[in-house]
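A quick write-up on the structure given underneath.
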Amino acid sequence: MEFLYFPGCTLYTKAQNLDEAGRACAKALGFELKELSNWTCCGATFPLAKDNIMALAPPARILARAKEEGSALTTLCSVCFNVIKRTNELIKGDEEKREKINTFIEMDYQGDVQVIHYLEILKREVGFDTIKGALKRDLQEMRVAPFYGCMLLRPSEEMEFDDKEAPTIFEEFLGAINCEPVDFPYKIECCGAFQSVGAPEVATECAYAILNSAIRNGAEAVTTTCPLCQFNIDNMQREIRQKYNGFPGIPIIYFTQLLGLALGLPVEKLEFHRNDVDPRPLLEKRGLL
Amino acid sequence: MKIEISRGKVHNEFAQKVEEISGQNLFACYQCGNCTAGCPVSFAMDLGPHQVIRYSLLGLEEEVLECNTFWMCASCLQCTSRCPKGLDIARIMEAIRLVILRKKERLDRLEVADLSEDFLERVPQIALISGFRKFTS
Amino acid sequence: MGKVGVVLCPCELEGGSSFDPEVLVEGLKGRKDVLPLIHHQPVCSESGVEAIRAFMEGNGLDRGVMACSKPELFGPTFKKALRQWGLNPSLSEVLGIRPIAEGKRTDDLQEALHVIEEGIGEIQRRKPAKGPKTPFIKRAMVIGGGITGITASIDLGNGGYEVLLVDRLPSIGGRMLQLSETFPTLDCAQCTLTPKTVETGQNPHIRLITYAEVESVSGGAGDFAVRIRRKAAYVDWEKCTGCGLCQEKCPSKVPSEFERGIGPGKAIYTLSPQAVPNKPVINPEVCRYFTEGKCRVCEKVCPTDAIDYAQEDTFIEERVGAIIVATGFDLYRKEEIGEYGYGDVPDVIDGLAFERLNSASGPTAGEIRRPSDGRVPKEVVFIQCVASRDPERYMPYCSRACCMYTAKHARLYKHKVHDGRAYIFYMDIRSMGKGYEEFIQQGMEEGILYLKGRVSRLFRDNDHVVVWGVDTLTGKKVEIAADMVVLATAMIPSRGAKELAEKLHIGTDEYGFLTEAQWKLYPVESGVEGIYLAGCAQGPKDIADTVAQGNAAASKVQVLFAQHRNSSLLRSDS
Chain X
33 MEFLYFPGCT
43 LYTKAQNLDE
53 AGRACAKALG
63 FELKELSNWT
73 CCGATFPLAK
83 DNIMALAPPA
93 RILARAKEEG
103 SALTTLCSVC
113 FNVIKRTNEL
123 IKGDEEKREK
133 INTFIEMDYQ
143 GDVQVIHYLE
153 ILKREVGFDT
163 IKGALKRDLQ
173 EMRVAPFYGC
183 MLLRPSEEME
193 FDDKEAPTIF
203 EEFLGAINCE
213 PVDFPYKIEC
223 CGAFQSVGAP
233 EVATECAYAI
243 LNSAIRNGAE
253 AVTTTCPLCQ
263 FNIDNMQREI
273 RQKYNGFPGI
283 PIIYFTQLLG
293 LALGLPVEKL
303 EFHRNDVDPR
313 PLLEKRGLL
Chain Y
489 MKIEISRGKV
499 HNEFAQKVEE
509 ISGQNLFACY
519 QCGNCTAGCP
529 VSFAMDLGPH
539 QVIRYSLLGL
549 EEEVLECNTF
559 WMCASCLQCT
569 SRCPKGLDIA
579 RIMEAIRLVI
589 LRKKERLDRL
599 EVADLSEDFL
609 ERVPQIALIS
619 GFRKFTS
Chain L
356 MGKVGVVLCP
366 CELEGGSSFD
376 PEVLVEGLKG
386 RKDVLPLIHH
396 QPVCSESGVE
406 AIRAFMEGNG
416 LDRGVMACSK
426 PELFGPTFKK
436 ALRQWGLNPS
446 LSEVLGIRPI
456 AEGKRTDDLQ
466 EALHVIEEGI
476 GEIQRRKPAK
486 GPKTPFIKRA
496 MVIGGGITGI
506 TASIDLGNGG
516 YEVLLVDRLP
526 SIGGRMLQLS
536 ETFPTLDCAQ
546 CTLTPKTVET
556 GQNPHIRLIT
566 YAEVESVSGG
576 AGDFAVRIRR
586 KAAYVDWEKC
596 TGCGLCQEKC
606 PSKVPSEFER
616 GIGPGKAIYT
626 LSPQAVPNKP
636 VINPEVCRYF
646 TEGKCRVCEK
656 VCPTDAIDYA
666 QEDTFIEERV
676 GAIIVATGFD
686 LYRKEEIGEY
696 GYGDVPDVID
706 GLAFERLNSA
716 SGPTAGEIRR
726 PSDGRVPKEV
736 VFIQCVASRD
746 PERYMPYCSR
756 ACCMYTAKHA
766 RLYKHKVHDG
776 RAYIFYMDIR
786 SMGKGYEEFI
796 QQGMEEGILY
806 LKGRVSRLFR
816 DNDHVVVWGV
826 DTLTGKKVEI
836 AADMVVLATA
846 MIPSRGAKEL
856 AEKLHIGTDE
866 YGFLTEAQWK
876 LYPVESGVEG
886 IYLAGCAQGP
896 KDIADTVAQG
906 NAAASKVQVL
916 FAQHRNSSLL
926 RSDS
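So the protein lines, in turn, are chains X, Y and L. Going by the working numbering, the first residue of the first sequence is number 33, and it counts up by one from there. Going by the working numbering, the first residue of the second sequence is number 489, and it counts up by one from there. Going by the working numbering, the first residue of the third sequence is number 356, and it counts up by one from there.
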């Protein structure tokens, strides 16, 4: 199994913990991530204006290059996944836009690359049962709340990722690595997204509501797939603590880090020091380090 | 408290521009408010998204452009995914943002200078890029 | 081969274009044995009919083809006129032609010509139908024993006609049997319904065939052959006296469909203490004897040896002259509504469940106690238009009864829980029946808080149901930590209605509601002579409207029967 891999900008910098762990887990599970050559930023937002063709050029170019190097393209970052998948759907379904985009990027791409998220590879290609069989470390039913956020799920008719109101893939994944998935109503809500830049006090509220809900439902940690979510609910806990006295804090761990832990990868490879709320005390308490 | 309505005002040039950029029909909204009900940031908005649609349809350009609703919108698509009329409300919010950002005055909502050094240290690219794409011309 | 007269009705055919129906006449010219007439007055007018007569008689035509855009409207008149002129209506056909659309003239014209030519060929080949071989049977079958079917059956029975009333449940009464009170009078539903069910059971002309479903139907008006599957009840109803001992002693407790899942039922059951017929059936899917091989308690306690575990489905074959379809409705399943928790939140119930909760015969004996922990809910949210008026995700139509029954629910709740608060999320109030608007206003004055807006999401949070709605009148998002939520979910056709319609060769719309011959003027006729529709099977409506349709359908059957005065009467006067 080989997949072209689009890391995206943040995974090369702030989210190296998501990236490194993802690459290491792929190796451990026997599928290859071949990094797309010469990739650029995807744009980090899917343009919502009907007349904004320019913003479609970067993801379209990424897809066209992927076509030259393989047939299936995967990402870890939810935002990149959303932008690239929606662009792909648009190119596939809208002939007029397709021609415009192709003229613009001076390439010929028809929308025939499969865009697949890393979690989908784990479920559909590797299989959660295989993962269960490959576990080397017992996570002892650590109570983890899966935070889906928006970008994987919506718009559901384009993303075709999971049920938009009650998704389960993340829970299945957590079950496979012997964590106890914590159901919490905010798992499909928004972390505040780019409002952490535009209106940080608003993003802080969003993040607080999410974390509060996870904690109230008994979570010891929250897991995400997305570096933007991660920033808002992990790093921004500083702002939450300033505003809400007594907010206990909760570690936010990328799903690839949890997977790596369960697969018995060396802890150094999982780069827990990059998580803002240090998950190591929790892992230590659980005897996982 | 009083607005005067006429055929020149209702669905005026502004409303049509919003429709054109968003690809949505403002007349299709039946004001159920589902968008506002499910919006994760409506607590911070001056007007609910459903009101912004109403104001836009009525041609109340000034009132719409003054409110913060579309700046607060995080494009999370919760409204879009549940709109019973199939309106893509996030696109409508984007369109109103663009009505301002595309004006020749280029009234950006965000400047790099607004961000503290500490914050710039912390913030990942993904937040900066998407933020600046949403808030600047 | 006879000579065919072709009549073209120009009304609506032109569809705003400059098309002249004469072009169609041109296209038909040169056909042997065909004479086209085009009449520029509406052909359905008196002068129009007269023109057709002159045309047919003057040219010695004995067969006719009529082409117009709304065949269901003029068809009956055309055939009746032919009969009056001494022609055989079976040698005529009324064809539907699509209006000629702007910009598609050539295509539409070709298609219209094609339809007409096919029709002519068919009529030229057709052999005249002989008079009915068998006598016209003046007995009706009513499918569905809800208030609509009951109403129609009583009318027909009182008119002296024999009726077979078929219901798939063990007893008649339908949805109304589940209701507590009815709007706008707040009459006890049972007290209103029971006299009707009893009258149905006692009417000498009505034969109840309950716990049964229609297997197949063939034939036509005056002589339909029907085959009905009578499901095995595992109780010999001849022997059973309806004493109820078996139900009392049955050890199994299972969620009951009749109680909408909020109360237990037994494996051997009747739907209510006043059931008509008052005979139980065993549900083999939950019965301990059928599932585990032991128990047989009902058999032991039955004083008349009526239990018969070996009973099998039986078939009843009958001939009837007319059929009324009154198969009613189901509610849209809350298990399919993701944003409201896919049915997983225990204190989120639907409107029919609330009826059971509020019924003296229901699981809480009429006390308002929420399903999860039996506590009396103090903050109750009612949500209207759930899965209705939602073209994007659910049903686009208005379910018509929910505004009223939700107001009723909230009022009845307030009457029982004085310190409770009832909130109703609504989009519009549709209260168009007699006394309805007054009923709503009274509810508002009694302190129901109406919130204009939809609810986007609800979810469980400890022992609350958190409701995210909106009050569009203030423009604000509203959050309520509710104790219980009642969903007024959309009315949809009852399960199996579409399959039944196929057996009857009658139409259904895209949602599965039966389609009437014409919405305004033929509201209870199906497209098939001798088959009539009534009640919610045709579309959502309230009891008052459904009863009116039941009356109408029965009346139509009696008109049909009366037209065949000379055929043999099959009445059960004896």
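By construction, the Cβ of each residue, glycine as well, lies at the ideal position given by its N, Cα and C atoms. Please read these numbers as outputs of a predicted model, since none were measured by experiment.
Item to complete: Out of Y:G619, Y:Q504 and Y:D602, state which residue places its alpha-carbon closest to the alpha-carbon of Y:L548.
Response: Cα-wise, what sits closest to Y:L548 is Y:Q504.
Discussion item. For a test of the three-state rule: what should DSSP assign to L:E427, helix, strand or coil?
Written reply: Helix, per DSSP.
Item to complete: Determine which residues share a DSSP beta bridge with L:L842 and list them.
Response: As computed with DSSP, L:L842 is found in a beta bridge with L:D705 and L:I738.
Worksheet item: Under the DSSP definition of a beta bridge, which residues are partnered with X:I148?
Response: X:T106, per the DSSP bridge assignment.
Item to complete: Identify whether L:T596 lies in helix, strand or coil by the three-state DSSP scheme.
Response: Of the three classes helix, strand and coil, the one that applies to L:T596 here is coil, per DSSP.
Worksheet entry | Euclidean distance between Cα positions of L:P426 and L:I452 | If you take the alpha carbons of L:P426 and L:I452, they lie about 8 Å apart.
Worksheet item: Under 8 Å Cβ-Cβ, which residues of chain X neighbour L:E694?
Response: Neighbours of L:E694 on chain X, chain order: E197.
Worksheet item: What is the rounded straight-line gap between the Cα of L:S373 and the Cα of L:K911?
Response: Reliability fails at L:S373, whose pLDDT of 44 lies under 50, so the model's placement of it is uncertain and no value is given.
Worksheet item: Can you check whether the CB of Y:S569 is closer than 8 Å to the CB of X:R93?
Response: No, they are not a contact pair.
Worksheet entry | Validate contact between the region 382–393 of chain L and the region 464–479 of chain L using beta carbons, cut 8 Å, 3 pairs | With a cut-off of 8 Å, the region 464–479 of chain L and the region 382–393 of chain L count as touching, because enough Cβ pairs lie within range.
Discussion item. Can you list, in chain order, the residues of its chain with a C-beta nearer than 8 Å to that of L:V902? Leave out the 5 residues immediately preceding and following it.
Written reply: Closer than 8 Å at Cβ, skipping near neighbours: I502, T503 and T506.
Worksheet item: Is the region 113–120 of chain X touching the region 141–155 of chain X in the sense that three or more CB pairs, one from each, lie closer than 8 Å?
Response: Yes, since at least three Cβ pairs between the region 141–155 of chain X and the region 113–120 of chain X fall closer than 8 Å, the two stretches touch.
Discussion item. At the 8 Å Cβ level, is Y:L565 part of the contact set with chain X, yes or no?
Written reply: By this cut-off, Y:L565 is an interface position.
Worksheet item: Looking at Y:F623 and X:G230, is the spacing between their C-beta atoms short of 8 Å?
Response: For X:G230 and Y:F623, yes; Cβs fall inside 8 Å.
Discussion item. Can you give me the C-alpha to C-alpha distance between L:L925 and L:P658, rounded to a whole angstrom?
Written reply: With a pLDDT of 49 at L:L925, under the threshold of 50, the predicted position of this residue should be treated as unreliable, though the coordinate-derived value follows. Note on geometry: alpha-carbon atoms of L:L925 and L:P658 lie some 39 Å from one another.
Worksheet item: Residues in the region 216–230 of chain X with C-beta within 7 Å of chain Y's C-beta atoms, listed in sequence order?
Response: Answer in chain order: E221, C222, G224, A225, F226, Q227, S228, V229 and G230.
Discussion item. Let me make sure I understand the geometry here. Which of L:V572, L:S445 and L:T549 has the alpha-carbon closest to that of L:G676?
Written reply: Nearest option by C-alpha distance: L:V572.
Worksheet item: How is L:F579 classed by DSSP in three states: helix, strand or coil?
Response: Note: L:F579 maps to strand in three-state DSSP.
Discussion item. Please classify X:P259 as buried or exposed, where buried requires at least 16 neighbouring CB atoms within 10 angstroms.
Written reply: Buried, by the Cβ-count rule.
Practice prompt. Flag X:F263 as yes if its beta-carbon sits less than 8 Å from any beta-carbon of chain Y, otherwise no.
Written response: Put simply, the CB of X:F263 is near chain Y, with a gap under 8 Å to one of its CB atoms.
Worksheet item: Any chance the region 98–109 of chain X sits against the region 36–46 of chain X, with 3 or more Cβ pairs inside 8 Å?
Response: Three or more Cβ pairs closer than 8 Å define a contact, and the region 98–109 of chain X meets that threshold against the region 36–46 of chain X.
Item to complete: Scan the region 779–832 of chain L and note each continuous beta strand (DSSP E) run of 3 residues or more that stays entirely inside, going in chain order.
Response: Fully enclosed beta strand (DSSP E) runs of 3 or longer: 804–807, 810–816 and 819–826.
Discussion item. Quick check: what's the CA-CA separation for X:N134 versus X:E233?
Written reply: Going by the C-alpha atoms only, they are around 41 Å apart.
Discussion item. Any beta carbon from chain Y within less than 8 Å of L:G830's own beta carbon?
Written reply: Against chain Y, the CB of L:G830 has a partner CB under 8 Å away; the residue lies at that interface.
Discussion item. Using a 10 Å radius around the Cβ and a threshold of 16 neighbouring Cβ atoms, would you call X:P2 buried or exposed?
Written reply: For residue 2 of chain X there is no data in the structure shown, the boundaries of chain X being 33 and 321.
Worksheet entry | chain X contact residues for L:Y589, given Cβ-Cβ distances below 9 Å | Under the 9 Å cutoff, chain X gives no residues; its nearest Cβ is about 39 Å from L:Y589.
Worksheet item: What separation, rounded to the nearest whole angstrom, lies between the Cα atoms of L:S849 and L:R809?
Response: The straight-line gap from Cα to Cα measures roughly 26 Å.
Worksheet entry | Within chain Y, the residues that L:W592 reaches when beta carbons sit closer than 8 Å | Those within 8 Å of L:W592 in chain Y number zero; the least Cβ separation is about 47 Å.
Worksheet entry | Own chain partners of Y:I588 with C-beta closer than 7 Å, once the 5 adjacent residues on each side are dropped | Once the five neighbours on either side are set aside, the close Cβ partners of Y:I588 are L553 and L595.
Worksheet item: In terms of DSSP beta bridges, what is L:T537 paired with?
Response: Per the DSSP secondary-structure output, L:T537 pairs in a beta bridge with L:D542.
Item to complete: Output the distance between the C-alpha atoms of L:L806 and L:D826, rounded to the nearest integer angstrom.
Response: Here the alpha carbon of L:L806 sits roughly 5 Å from the alpha carbon of L:D826.
Worksheet entry | Whole-angstrom distance between L:A708 and L:A544, CA atom to CA atom | L:A544 and L:A708: Cα-Cα distance of roughly 15 Å.
Worksheet item: From L:K771, L:P628 and L:N638, pick the residue whose C-alpha is nearest to that of L:P610; which is it?
Response: Checked all of L:K771, L:P628 and L:N638; the closest Cα to L:P610 is L:N638.
Fill in: Separation of L:D388 from L:V398, as counted between CA atoms
Answer to the nearest angstrom: the Cα atoms are 22 Å apart.
Worksheet entry | Separation of X:P213 from X:R175, as counted between CA atoms | Going from the Cα of X:R175 to the Cα of X:P213 covers about 6 Å.
Item to complete: Report back the beta-carbon spacing between X:L154 and X:L108 to the nearest angstrom; my notes put them in contact at under 8 Å.
Response: The Cβ separation is near 11 Å, so there is no contact.
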